[in-house]
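The sequence shown runs 10 to 143 under our numbering.
Here the structure comes first, spelled out in structure tokens, and everything after it is commentary.
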Amino acid sequence: MNKSDDSDKYYEFSSDNLILLGLLFDNGCFIAVTEKSNFKLGTTAVSLPMSPSLSTTKSPPSQMERTSLDRRGISTATVIGSRNEIYTKALSEKITLATEGLVYLSLNLQEEKEELFHEALKLVEEFLAKISDK
């Protein structure tokens with residue numbers, strides 16, 4: 010993908026150990042967070058808002074009437090893998106709450122490495138801050 014043509018749809022952030030790649034679509038996003046030393050897709054979760062108006066609308070969230078979306082209004086499933094499933098689902102739901110859109114999240118971290126999860130969380134927050142500026 011050419012970054013200059015799609016700079017508003019493609020995002021890349023990195024930290025000491027991890028890299029986050031994000032692609033934005035009209036109705037959601039795909040995000041991959043992986044270790045730099047083991048660059049591959051990992052456990053994948055899909056989260057989407059339960060409200061049909063949020064998950065099917067073509068209007069950007071900024072143009073829609075704000076709703077009170079909370080964790081109970083989100084459906085999340087792990088579709089690939091089981092390593093770090095709780096971390097993967099938690100990050101996916103966090104992004105759905107912030108974007109009110111469909112989220113595919115792939116998380117490739119060593120199992121039970123809490124410090125890597127915190128690093129991934131910081132990258133996700135950086136991504137969310139960047140897309141909220143647009």
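The beta-carbon is built from N, C-alpha and C at its ideal position, and this holds for glycine as well.
This one's a predicted model, so the numbers in the text were calculated from it and none came from an experiment.
**Nearest to Leu27 (by Cα), restricted to the options Leu137, Ile104, Ile140, Glu128** = Counted from its first residue, the sequence shown places residue 27 at position 18. Checking every option, the nearest Cα to that of Leu27 belongs to Glu128.
**Item:** Nearest-angstrom Cβ-Cβ length linking Leu114 and Ile40, presumed shorter than 8 Å
**Value:** As a working note, residue 114 is residue 105 in the sequence shown. As a working note, residue 40 is residue 31 in the sequence shown. Yes, Leu114 and Ile40 are in contact; Cβ-Cβ is about 5 Å, under 8 Å.
**Request:** Report buried or exposed for Lys98, applying the criterion of at least 16 other Cβ atoms within 10 angstroms of its Cβ.
**Result:** In the sequence shown, the residue the question calls residue 98 occupies position 89. Flag for Lys98 reads buried.
**Prompt:** First and last residue of the alpha helix (DSSP H) that includes Leu29?
**Reply:** Stepping through the sequence shown from its first residue, residue 29 is reached at position 20. No alpha helix (DSSP H) contains Leu29, which is instead part of the beta strand (DSSP E) from 27-34.
**Request:** May I ask you to report which of helix, strand or coil DSSP gives Asn117?
**Result:** In the sequence shown, residue 117 corresponds to position 108, counting from 1. Asn117: strand per DSSP, three-state reduction.
**Request:** Write down the C-beta distance between Thr52 and Gly90 rounded to the nearest angstrom, noting that I regard them as a contact closer than 8 Å.
**Result:** Here residue 52 refers to the residue found at position 43 of the sequence shown. Here residue 90 refers to the residue found at position 81 of the sequence shown. Taking C-beta atoms under 8 Å as the contact rule, Thr52 and Gly90 qualify, at a distance of about 3 Å.
**Message:** Going by DSSP, what residue range makes up the beta strand (DSSP E) through Phe39?
**Reply:** Position 30 of the sequence shown, counted from the start, is the residue given in the question as residue 39. Residues 37-44.
**Prompt:** Given that a residue counts as buried once 16 or more other Cβ atoms are within 10 Å of its Cβ, and exposed if not, what is Lys103?
**Reply:** As a first step, residue 103 is located in the sequence shown; it is residue number 94 there, counting from the start. Classification of Lys103: buried, given that the 10 Å Cβ count is 16 or more.
**Prompt:** So, helix, strand or coil for Leu50, using DSSP?
**Reply:** Start at 1 with the first residue of the sequence shown, and residue 50 comes out as number 41. Three-state DSSP puts Leu50 in coil, outside helix and strand.
**Request:** Please name the residue in Tyr96, Thr105, Asn47 whose C-alpha comes closest to that of Lys122.
**Result:** Residue 122 sits at position 113 when you count from the first residue of the sequence shown. Ranking Tyr96, Thr105, Asn47 by Cα distance to Lys122 puts Tyr96 first.
**Straight-line gap, Leu50 to Lys131 (C-alpha atoms, nearest Å)** = In the sequence shown, counting from the first residue as 1, residue 50 sits at position 41. In the sequence shown, counting from the first residue as 1, residue 131 sits at position 122. Each residue's CA atom was taken as its position, placing Leu50 and Lys131 some 19 Å apart.
**Message:** Which residues does DSSP list as the beta-bridge partners of Leu23?
**Reply:** Looking up residue 23 in the sequence shown gives position 14. A quick correction: the sequence has Ser, not Leu, at residue 23. In the DSSP output, where bridge partners are listed per residue, Ser23 has Ile28.
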